[in-house]
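Asks: Below are the structure tokens for one structure; questions will follow.
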Amino acid sequence: MSSLLDSVSFANGTSMPNRLMLAPLTNQQSHPDGTLSDEEHHWLTMRAKGGFGLTMTCAAQVHPLGQGFAGQLACSGDEHSAGLSRLARDIKKEKSLAIAQLHHAGTKSPAEIIGSAPLCPSPDSSTGAREMTNNEVYEVINAFVDAAVRCEKAGFEGVELHGAHGYLIGQFLSPEINQRTDEFGGSLDNRAGFLLAIIDGIRRDCRSSLNLSVRLSPERFGLKTSEMLELYGWLVDSKKIDFIDMSMWDIRKDAVDEEFAGKTLMELFAGVPRDMTRLGVAGKIYSAADAQWAVDNGADFAIIGRAAIAHHDFARLAGADPEFTMRPMPIHPDDLRAEGLSDGFIEYMRVFKGFVAEA
Ligand SMILES: Cc1cc2nc3c(=O)[nH]c(=O)nc-3n(C[C@H](O)[C@H](O)[C@H](O)COP(=O)(O)O)c2cc1C
20 MSSLLDSVSF ANGTSMPNRL MLAPLTNQQS HPDGTLSDEE HHWLTMRAKG
70 GFGLTMTCAA QVHPLGQGFA GQLACSGDEH SAGLSRLARD IKKEKSLAIA
120 QLHHAGTKSP AEIIGSAPLC PSPDSSTGAR EMTNNEVYEV INAFVDAAVR
170 CEKAGFEGVE LHGAHGYLIG QFLSPEINQR TDEFGGSLDN RAGFLLAIID
220 GIRRDCRSSL NLSVRLSPER FGLKTSEMLE LYGWLVDSKK IDFIDMSMWD
270 IRKDAVDEEF AGKTLMELFA GVPRDMTRLG VAGKIYSAAD AQWAVDNGAD
320 FAIIGRAAIA HHDFARLAGA DPEFTMRPMP IHPDDLRAEG LSDGFIEYMR
370 VFKGFVAEA
């Protein structure tokens with residue numbers, strides 16, 4: 020059996036020193052123009068110091084029209100580079116692999132933040148989003164590629180494409196949301212074309228050793244699990260991706276789609292042969308035993324979200340003690356402050372019911 024303290028090597032040359040990754044976690048601590056704040060630097064470098072083998076940024080916007088949250092980190096312009104460089108340098112100093120998550124919220128971009136109607140593959144009356152023109156689709160593909168180049172130049176060792184949770188890449192993948200009639204709509208091949216064009220652009224313009232990963236949702240958000248399995252196989256076969264990050268929200272759960280009744284998401288996705296492409300899984304990994312379960316059940320590494328908010332050094336504690344379990348929720352704001360969260364981030368965490376205790 021693999022230990023949580025084993026290193027993981029990736030196809031393109033990078034590696035992480037253990038099997039515990041910090042999940043991408045939106046924290047709303049950036050400056051209004053998307054530049055890095057000291058609070059965000061502190062919160063993330065504290066996790067790298069806490070032993071995570073891979074420290075991923077929050078979803079970082081690649082285009083101002085794709086901003087998804089107030090206080091979101093950005094990598095859309097050269098004005099963001101100085102902060103990104105400082106962040107990458109200080110994560111790497113701790114021997115943690117530094118990866119930036121690239122994001123465009125599409126129809127989920129709040130109009131009051133972006134100052135216009137949000138963009139979507141197809142019109143969306145629920146948000147007032149308008150359909151992207153064919154030119155705009157190519158513009159956003161280029162924005163993802165440019166953002167990857169900017170992060171690489173800033174010193175990040177990799178980038179992850181946020182294709183999960185119903186944001187723009189997921190909106191293109193969805194047969195429910197994407198009703199386009201151009202080359203980006205119709206068959207799964209076409210709907211995945213947006214993601215695959217971004218991957219090709221990054222592999223064309225960045226150094227070959229850049230760690231490139233994709234985060235996917237296995238179900239919901241207008242997706243079909245059978246199609247996500249097919250796409251997963253294509254990504255493996257392409258040999259262009261270092262790892263796939265499956266955002267399951269609960270690594271032990273059964274698939275929702277009736278076609279896969281009685282099967283767990285882990286069985287489905289960890290069961291696909293993947294050669295050198297690695298698999299990370301996220302969802303309710305709250306203890307060393309949960310992380311070990313993920314690895315024992317076929318993942319290459321465990322991705323830690325809320326438990327890493329609760330303990331900056333979850334990776335070190337779980338690596339040292341197989342019995343280690345996250346402190347009980349709700350968590351007192353003073354404890355979260357001691358773990359490096361600003362008051363703004365603590366307020367945001369109240370969205371996640373039952374996480375923050377009343378002061
Ligand atoms: C506060 C918070 C912010 C999140 N932000 C992001 C994000 O920026 N990008 C992303 O892909 N997922 C995001 N997620 C999902 C997490 O990465 C993770 O997959 C999820 O929390 C499940 O893991 P957990 O049960 O260990 O928390 C967020 C989750 C939380 C709780």
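Using the numbering used here, the first residue of the sequence shown is number 20, and each one after it goes up by one.
In this text, a Cβ means the ideal position worked out from N, Cα and C, and glycines have one as well.
(1) Going by Cα to Cα distance, which pick from 86, 33, 114, 98 is closest to residue 68?
(2) In angstroms, rounded to a whole number, what distance separates the CA positions of residue 351 and residue 378?
(3) Given residue 274, which residues of its chain have a CB within under 8 Å of its CB, disregarding the five upstream and five downstream residues?
(4) Which class does residue 320 belong to by DSSP, given the choice of helix, strand or coil?
(5) Excluding five sequence neighbours on each side, which residues of the same chain lie with their C-beta closer than 8 Å to the C-beta of residue 42?
(6) Are the CB atoms of residue 81 and residue 211 nearer to each other than 8 Å?
(7) Just list the residues that DSSP pairs residue 234 with in beta bridges.
(8) Please report the distance separating the alpha-carbon of residue 247 from that of residue 32.
(9) Compute every distance between the C-beta of residue 120 and the non-hydrogen atoms of ligand 1, then say whether any falls below 7 Å.
(10) Can you give me the C-alpha to C-alpha distance between residue 61 and residue 201, rounded to a whole angstrom?
(11) Among all the DSSP beta bridges, which residues are the ones paired with residue 139?
(12) Please state whether the Cβ-Cβ distance between residue 178 and residue 235 is less than 8 Å.
(13) Could you tell me which whole beta strand (DSSP E) segments of length 3 or greater appear in the segment 203-248?
(14) With C-beta atoms as the reference, is residue 90 less than 8 Å away from residue 122?
(15) Since residue 231 contacts residue 260 with CB under 8 Å, what's their CB separation in whole angstroms?
(16) According to the Cβ coordinates, are residue 171 and residue 225 closer than 8 Å?
(17) With distance defined between alpha-carbon atoms, name the residue in 45, 117, 54, 49 nearest to residue 72.
(18) By DSSP's criteria, residue 276 is part of a beta bridge. Which residues make up the other side?
(19) Work out the CA separation of residue 70 and residue 199 for me, nearest whole Å.
(20) Among 40, 30, 34, which one has its Cα closest to the Cα of residue 314?
(21) Closest to residue 129 by C-alpha separation, out of 344, 145, 141, 173, would be which residue?
(22) How about the segment 177-196 and the segment 99-109: do they share at least three Cβ pairs that are nearer than 8 Å?
(23) Can you give me the Cβ contacts of residue 368 inside the same chain, cut-off strictly under 8 Å, excluding the 5 residues immediately before and after it?
(24) What does a CB cutoff of less than 6 Å around residue 320 pick up in its chain, not counting 5 residues either side in sequence?
(25) Report whether the distance from the Cβ of residue 266 to the nearest heavy atom of ligand 1 is below 7 Å.
(26) Residue 49: which of 20, 131, 103, 65 sits nearest, CA to CA?
(27) Measure from the alpha carbon of residue 188 to the alpha carbon of each residue in 165, 215, 205, 45, then state which is nearest.
(28) According to the Cβ coordinates, are residue 191 and residue 175 closer than 8 Å?
(29) State the beta-bridge partners of residue 283 as determined by DSSP.
(30) Less than 7 Å between the CB of residue 242 and some heavy atom of ligand 1, yes or no?
Replies: This is what the structure gives:
(1) If we check each option's Cα against that of residue 68, 114 comes out closest.
(2) Residue 378 has its alpha-carbon roughly 6 Å from the corresponding atom of residue 351.
(3) Taken in chain order, the residues that qualify are 237, 238, 244, 280, 282, 283, 284, 287.
(4) In this structure, residue 320 counts as strand in the three-state DSSP scheme.
(5) Closer than 8 Å at Cβ, skipping near neighbours: 75, 301, 322, 323, 324, 327.
(6) With respect to residue 211, residue 81 sits apart: the two C-beta atoms are not nearer than 8 Å.
(7) The partner list for residue 234 (beta bridge, DSSP) reads 181, 264.
(8) Those two C-alpha atoms are separated by around 27 Å.
(9) Yes, Cβ of residue 120 sits closer than 7 Å to a heavy atom of ligand 1.
(10) Rounded to whole angstroms, residue 61 to residue 201 spans 45 Å at the Cα level.
(11) Assignment of beta-bridge partners to residue 139 by DSSP yields 150.
(12) Not in contact: residue 178 and residue 235 (Cβ atoms no closer than 8 Å).
(13) When DSSP assignments are scanned along the segment 203-248, the uninterrupted stretches of beta strand (DSSP E) that are 3 or more residues long and fall wholly within it turn out to be 230-235.
(14) Residue 122 is positioned such that its CB atom lies no closer than 8 Å to that of residue 90.
(15) Your pair residue 231 and residue 260 checks out as a contact, with CB atoms roughly 6 Å apart and the cut at 8 Å.
(16) Closer than 8 Å, so yes.
(17) Among 45, 117, 54, 49, the Cα nearest to that of residue 72 belongs to 117.
(18) Secondary-structure assignment with DSSP links residue 276 through no beta bridge to anything.
(19) Distance between the alpha carbons of residue 199 and residue 70: 45 Å.
(20) Ranking 40, 30, 34 by Cα distance to residue 314 puts 40 first.
(21) Measuring from the Cα of residue 129, the nearest candidate turns out to be 145.
(22) As far as the Cβ criterion goes, the segment 177-196 does not touch the segment 99-109, which means the pair count is below three.
(23) For residue 368, where only same-chain residues beyond five positions count, the Cβ hits under 8 Å are 328, 355, 360, 374, 375.
(24) The residues are 27, 38, 40, 299.
(25) Yes, the Cβ of residue 266 comes within 7 Å of a heavy atom of ligand 1.
(26) Residue 103 is the option with its Cα nearest to residue 49.
(27) It is 215.
(28) Taking the C-beta atoms as reference points, residue 175 is found no nearer than 8 Å to residue 191.
(29) Residue 283 is bridged to 273.
(30) Outside the cutoff, so no.
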